[in-house]
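As structure tokens, the structure follows; a few thoughts come after it.
Numbering (this note's numbering), first residue to last: 135 to 284.
Below is the structure:
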């Protein structure tokens, strides 16, 4: 990854990955609902500064989080979509208390498409193969489903 730093704080670093044309956000330390919200606002700022359609959202360096998806988080996703985001690969923190509930909500959130992963390598490969032009309506609800390239 050839990264151009955009934002660097104690809790999150955000860079533009020139090789892949996406944003890479690296969360670190301890996060609660408020610090998670602040980090998300920084991601929106970075996306507006460096427009792109994909984000690799790496939470693997988070020590502890009490983050939960809220209406504010859904509104943030809408703002991210309006700023051009179409797809977000989310690497879960190692210790994520609300993971099961979050995994149940992810398919219902889009657009943009948000998909969770255990590790950075798998998320990276998925995001690299994800074809944005193949977003098609999911007949079960109002979300979009992505197709992987072959």
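For every residue, glycine included, the Cβ atom is placed at its ideal position computed from N, Cα and C. Predicted model only: the values in this text are computed from it and were never measured.
Within the same chain, show all residues whose beta-carbon is closer than 7 Å to that of residue i, passing over the 5 residues directly before and after it, in chain order.
{"i": "residue 252", "result": "226"}
{"i": "residue 235", "result": "Because residue 235 sits at a pLDDT of 49, beneath the cut-off of 50, its placement in the model cannot be relied upon, and the following sentence gives the value as read from the coordinates. Once the five neighbours on either side are set aside, residue 235 has no close Cβ partner at all."}
{"i": "residue 138", "result": "149, 150 and 152"}
{"i": "residue 164", "result": "197 and 198"}
{"i": "residue 257", "result": "190, 223, 225 and 251"}
{"i": "residue 161", "result": "145, 146, 173, 192, 193, 195 and 196"}
Cutting at 8 Å between CB atoms, please list the residues of its own chain near residue i, excluding the five before and the five after it.
{"i": "residue 185", "result": "217 and 218"}
{"i": "residue 181", "result": "157, 189, 214, 217, 218 and 219"}
{"i": "residue 177", "result": "146, 148, 157, 159, 189, 191 and 214"}
{"i": "residue 136", "result": "151, 152 and 153"}
Is residue i helix, strand or coil by DSSP?
{"i": "residue 181", "result": "helix"}
{"i": "residue 147", "result": "strand"}
{"i": "residue 216", "result": "helix"}
{"i": "residue 253", "result": "coil"}
{"i": "residue 137", "result": "strand"}
{"i": "residue 168", "result": "helix"}
Which partner residues does residue i have in the DSSP bridge list?
{"i": "residue 195", "result": "162"}
{"i": "residue 190", "result": "158 and 223"}
{"i": "residue 142", "result": "147"}
{"i": "residue 247", "result": "221"}
Skipping 5 residues on each side, what residues in its chain have a beta carbon closer than 6 Å to that of residue i?
{"i": "residue 261", "result": "188, 190 and 223"}
{"i": "residue 174", "result": "210"}
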